[in-house]
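Asker: Pasting in a structure now, in structure tokens, and then I'll have a few things to ask.
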């Protein structure tokens, strides 16, 4: 075949006519390491400005909420506007307590990874409200399909710290038998779905769970959490489509923390529109919320939960927040973004803002905060010590090796029995002392 | 369907009176109907499966009988279909999604491979994905390269998935019921070329309806065929033939045509595999032919060949032979040149029996 008909272009791009040359746009974040940071162009609106529509509102009648920002806590540390969930002081203290605990836990586990006690950890610093406060607006038996940065939900639901640490250490106490990467928790008892490492897969699963609940005439709803970066996955599109088609009682929470490892949100489309605005094309209710405002996070999730529970339909909520630390212990953000971003973030820190609010309304003070932080640190330390009795990663105290072959299928098929026998022989060759010929060794 | 009906059907069948003969589509429809009736946690969903009853009619009448929340249409999104099925399984349902053609299953692969297949393992039994994914597969209906593929080896390669392929109406019903009741995710591939009648591979001859085939006698009620048990199609001492789906019938016809006495095993399930039956047969005959319609390289035949060689090497009188589709896309106009038909199979049999 002649070159001209091969479908391959030659050396020179499209010449010979007068049409303008096309140009590819590759998004670039506002600042790179060392650059000054200015968020002046980020319109965060004013607390109390956004209206709170009825929970049965048609998506098309609340479009502004997909572009604005629902905020409750103001710079004056007071709660403003119709979205104020008017939580009792006790609930606020509980919320702050969970957030403080998440932060203390993250600090300790990050350090544990650096000390070689495990392979991997992921903090949620700066995003605590998006899981703790939002999670608290659900019933404890509503099903959550989290991504990997929702430890706040587990902590708020009372999952024991020691179980979390056992999982992070992949030790012999790990309920997941050392099979999952650290922080990929699962707890059916706490209506917390098994975390996948493949992104956004949980989103259609949450919709399916919600559909099942509706098929059965149950009253429980489902909620899922996904990062803004992975809304680019086809799974998220499937989730939105199925959610709207079946009017599923589900909440799709998009955590827009600005960064997907080193790729800024522009690579998921944020230069053109908001993530909440994705909802409109599907006919989903869309809310865009200050993710560093614990009260706004709670209020938005509560609105969506009420809507879903009343068969009024699904909601997509974008939480506008900032990933204050690296993606994980394997990441160093100083290589791709300006360290100044965290300082300049226009919506502050969620823990500080809630604390200051509670002080402002006379329900909290610095002394109690210090005491609480101390208590959290001590609790985490005690749980860590307890968990370490079950072993740390790589120190031999893991689940018996035969568990490697279990649960692939409900029953062990012949080929896995053969492979398990092979694994046994390998261990006997590697550690003959532990495997005396009389078979007494284990 | 009541228990007494089942008993009556079985009794009738034993006596050989009023034997009811149905085709494979009807058998599949019946299995779904029975399971929708017996288990309130089952749901059937997929593209066009609801009101319309499926492009191959496998779900005809089911929505009308069982209601719109048990049998319903879905968006054209295989990722979504499998994804929501995982969530439904986590809730406690037993979804039976249909993927309209096996060729369309690829957008759902991440949900199958990374999610459904590993859920039990990764959650240490907290959650399971007890779904049965039904999908018509294979060629022979002039479906071109997007309606003819046999992708079973992609699934047998995945730890945690079961792969089931029936070859007769009787098996289709019993295996589908067993698959639905199984607590592991099952890929249930239906050889669409033989939905309406067994296919001998002689494509220019008139289609035989299932009515004349002994395995179209299907009891009316509930019955199961255990997963992992091969079916002895014919007994013979000259060679063993390992096949599944459409190719069982083609191999049988070729052997009959050539007057070869073959021990033909219909594998029925590729995972779990009935290795005992395979070993016993090959050790007896000393010769083994593997037949599948899928492309050759890294096909399931490669696994079978390796297993037979590893386990029966000192009993073999000839090298193991594979007859497969070619390593090309399934061509539309050259369908019958691609299809591993009587000539290709016959040649392989001659080669195996030569010495």
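Chains as they are written, first to last, in my numbering: chain A, 1 to 442; chain B, 443 to 797. We put the CB at the ideal spot given by N, CA and C, even for glycine. Model, not experiment: these values are computed from the prediction.
Check distances from the C-beta atoms of the region 474-485 of chain B to those of chain A and list, in chain order, the residues that come in under 9 Å.
Answerer: Within the region 474-485 of chain B, those residues whose Cβ lies closer than 9 Å to any Cβ of chain A are, in chain order, 482, 483, 485.
Asker: Is residue 58 of chain A buried or exposed, if buried means 16 or more other CB atoms sit within 10 Å of its CB?
Answerer: The residue labelled residue 58 of chain A in the question sits at position 58 within the first chain. Per the 10 Å Cβ criterion, exposed.
Asker: Locate the beta strand (DSSP E) running through residue 659 of chain B, then write down its first and last residues.
Answerer: One-based indexing of the second chain puts residue 659 of chain B at position 217. Note, residue 659 of chain B: premise wrong, no beta strand (DSSP E); not H, not E.
Asker: I want to see whether chain E comes within less than 8 Å of residue 163 of chain A, judged by CB atoms only; does it?
Answerer: Among the protein chains in the structure shown, which are A and B, there is no chain E.
Asker: What residue range is occupied by the uninterrupted alpha helix (DSSP H) comprising residue 747 of chain B?
Answerer: Counting from 1 along the second chain, the entry for residue 747 of chain B is found at position 305. Secondary structure note for residue 747 of chain B: its alpha helix (DSSP H) is the uninterrupted segment 742-754.
Asker: So residue 177 of chain A contacts chain B; which residues on that side make the cut at Cβ distance below 7 Å?
Answerer: If you number the first chain from 1, residue 177 of chain A lands on position 177. The answer, in chain order, is 566.
Asker: Within the continuous beta strand (DSSP E) that includes residue 482 of chain B, where are the two ends?
Answerer: For the purposes of this step, residue 482 of chain B is taken as the residue at position 40 of the second chain. Run containing residue 482 of chain B: none; DSSP gives neither H nor E here.
Asker: Jot down the residue ranges of each uninterrupted beta strand (DSSP E) in the region 263-309 of chain A, minimum 3 residues, whole runs only, in chain order.
Answerer: 285-290
Asker: At which residue ranges does the region 577-627 of chain B contain complete beta strand (DSSP E) runs of 3 or more residues, listed in the order of the chain?
Answerer: 604-606
Asker: Are the C-beta atoms of residue 413 of chain A and some chain B residue less than 8 Å apart?
Answerer: The count along the first chain starts at 1 and reaches residue 413 of chain A at position 413. At least one beta carbon of chain B lies nearer than 8 Å to the beta carbon of residue 413 of chain A.
Asker: Between the beta-carbon of residue 273 of chain A and the beta-carbon of residue 318 of chain A, is there less than 8 Å?
Answerer: One-based indexing of the first chain puts residue 273 of chain A at position 273. One-based indexing of the first chain puts residue 318 of chain A at position 318. No; because the gap between Cβ atoms is not below 8 Å, this pair is not in contact.
Asker: Say whether chain A places a C-beta atom closer than 8 Å to the C-beta of residue 732 of chain B.
Answerer: Counting from 1 along the second chain, the entry for residue 732 of chain B is found at position 290. No - not a single Cβ of chain A is within 8 Å of the one on residue 732 of chain B.
Asker: List the endpoints of the continuous beta strand (DSSP E) containing residue 158 of chain A.
Answerer: The sequence position of residue 158 of chain A within the first chain is 158, counting from 1. It is not in any beta strand (DSSP E) - residue 158 of chain A carries neither H nor E in the DSSP assignment.
Asker: Is there at least one Cβ from chain B nearer than 8 Å to residue 205 of chain A's Cβ?
Answerer: To locate residue 205 of chain A, count along the first chain from 1; it is residue 205. Chain B, which has a Cβ nearer than 8 Å to the Cβ of residue 205 of chain A, makes this yes.
Asker: Starting from residue 188 of chain A, find everything on chain B with Cβ-Cβ shorter than 7 Å and list it in chain order.
Answerer: Here residue 188 of chain A refers to the residue found at position 188 when the first chain is read from its first residue. Per Cβ cutoff of 7 Å: 568, 569.
Asker: So which residues on chain A does residue 530 of chain B lean against when the C-beta distance must stay under 9 Å?
Answerer: For the purposes of this step, residue 530 of chain B is taken as the residue at position 88 of the second chain. The contacting residues are 205, 208, 209, 211, 212, 215.
Asker: With distances taken Cα to Cα, identify the nearest neighbour of residue 576 of chain B among B/640, B/638, B/485, B/670.
Answerer: Locating residue 576 of chain B in the second chain gives position 134, counting from the first residue. Considering only alpha carbons, the answer is B/485.
Asker: How about residue 239 of chain A and residue 204 of chain A: do their beta carbons lie closer than 8 Å?
Answerer: Taking the first residue of the first chain as 1, we reach residue 239 of chain A at position 239. Taking the first residue of the first chain as 1, we reach residue 204 of chain A at position 204. The Cβ atoms of residue 239 of chain A and residue 204 of chain A sit closer than 8 Å to each other.
Asker: By the criterion of Cβ-Cβ separation under 8 Å, what are the contact partners of residue 576 of chain B in chain A?
Answerer: The residue you call residue 576 of chain B lines up with position 134 of the second chain. Residues of chain A with a Cβ closer than 8 Å to the Cβ of residue 576 of chain B do not exist; the shortest Cβ-Cβ separation is about 17 Å.
Asker: What span of residues does the beta strand (DSSP E) with residue 539 of chain B cover, start to end?
Answerer: Residue numbering aside, residue 539 of chain B sits at position 97 when the second chain is read from its first letter. Looking at the DSSP string, the run of the beta strand (DSSP E) that includes residue 539 of chain B is 536-540.
Asker: Between A/176, A/149, A/225, which lies nearest to residue 261 of chain A when the distance is taken from Cα to Cα?
Answerer: The sequence position of residue 261 of chain A within the first chain is 261, counting from 1. Answer by Cα proximity: A/149.
Asker: Please decide whether residue 379 of chain A counts as near chain B, where near means a Cβ-Cβ distance under 8 Å.
Answerer: The residue labelled residue 379 of chain A in the question sits at position 379 within the first chain. Residue 379 of chain A does not count as touching chain B.
Asker: So which of B/598, B/629, B/503, B/716 has the shortest CA-CA distance to residue 538 of chain B?
Answerer: By one-based count along the second chain, residue 538 of chain B stands at place 96. Among B/598, B/629, B/503, B/716, the Cα nearest to that of residue 538 of chain B is on B/629.
Asker: Within a Cβ cutoff of 7 Å, which residues of the same chain sit near residue 323 of chain A, ignoring the five residues on either side of it in sequence?
Answerer: Within the first chain, the letter at position 323 stands for residue 323 of chain A. Within the same chain, residue 323 of chain A has close Cβ partners 126, 127, 257, 258, 259.
Asker: For the region 229-247 of chain A and the region 129-141 of chain A, state whether three or more C-beta atom pairs, one from each stretch, are separated by less than 8 Å.
Answerer: No, the region 229-247 of chain A does not touch the region 129-141 of chain A.
Asker: Just curious, the beta strand (DSSP E) that residue 674 of chain B is in, first and last residue?
Answerer: Mapped onto the second chain, residue 674 of chain B falls at position 232. Element bounds for residue 674 of chain B: 673-676.
Asker: What's the gap between the Cα of residue 364 of chain A and the Cα of residue 358 of chain A?
Answerer: For the purposes of this step, residue 364 of chain A is taken as residue 364 along the first chain, with counting starting at 1. For the purposes of this step, residue 358 of chain A is taken as residue 358 along the first chain, with counting starting at 1. Near 5 Å, if we compare the C-alpha coordinates of residue 358 of chain A and residue 364 of chain A.
Asker: Between residue 625 of chain B and residue 536 of chain B, what straight-line distance do the alpha-carbon atoms span, to the nearest angstrom?
Answerer: Within the second chain, numbered from 1, the residue matching residue 625 of chain B stands at position 183. Within the second chain, numbered from 1, the residue matching residue 536 of chain B stands at position 94. Their Cα atoms are separated by approximately 9 Å.
Asker: What span of residues does the alpha helix (DSSP H) with residue 522 of chain B cover, start to end?
Answerer: Along the second chain, one-based indexing puts residue 522 of chain B at 80. Run containing residue 522 of chain B: 520-533, per the alpha helix (DSSP H) assignment.
Asker: Please confirm if the region 773-792 of chain B is in contact with the region 749-762 of chain B, defined as three or more CB-CB distances below 8 Å between the two stretches.
Answerer: no
Asker: For residue 44 of chain A, which of A/104, A/321, A/302 has the nearest alpha-carbon?
Answerer: Numbered from its first residue, the first chain carries residue 44 of chain A at position 44. When only C-alpha atoms are compared, the closest one is A/321.
Asker: Within 10 Å of its beta-carbon, does residue 151 of chain A have 16 or more other beta-carbons around it, so buried, or fewer, so exposed?
Answerer: As a working note, residue 151 of chain A is residue 151 in the first chain. Answer is buried; the Cβ neighbour count reaches 16.
Asker: When the Cα atoms are used, what is the spatial distance from residue 310 of chain A to residue 302 of chain A?
Answerer: For the purposes of this step, residue 310 of chain A is taken as residue 310 along the first chain, with counting starting at 1. For the purposes of this step, residue 302 of chain A is taken as residue 302 along the first chain, with counting starting at 1. Taking the straight line joining both Cα atoms gives about 12 Å.
Asker: Do residue 674 of chain B and residue 702 of chain B come within 8 Å of each other at the CB atom, strictly closer than that value?
Answerer: As a position in the second chain, residue 702 of chain B is number 260, starting the count at 1. As a position in the second chain, residue 674 of chain B is number 232, starting the count at 1. Not closer than 8 Å, so no.
Asker: With burial defined as no fewer than 16 other Cβ atoms inside 10 Å of the residue's Cβ, what is the status of residue 361 of chain A: buried or exposed?
Answerer: In the first chain, residue 361 of chain A corresponds to position 361, counting from 1. Burial call: exposed.
Asker: Please determine whether the Cβ atom of residue 58 of chain A lies at a distance below 7 Å from any heavy atom of the ligand FAD.
Answerer: As far as ligands go, the structure on display features none, and thus does not contain the ligand FAD.
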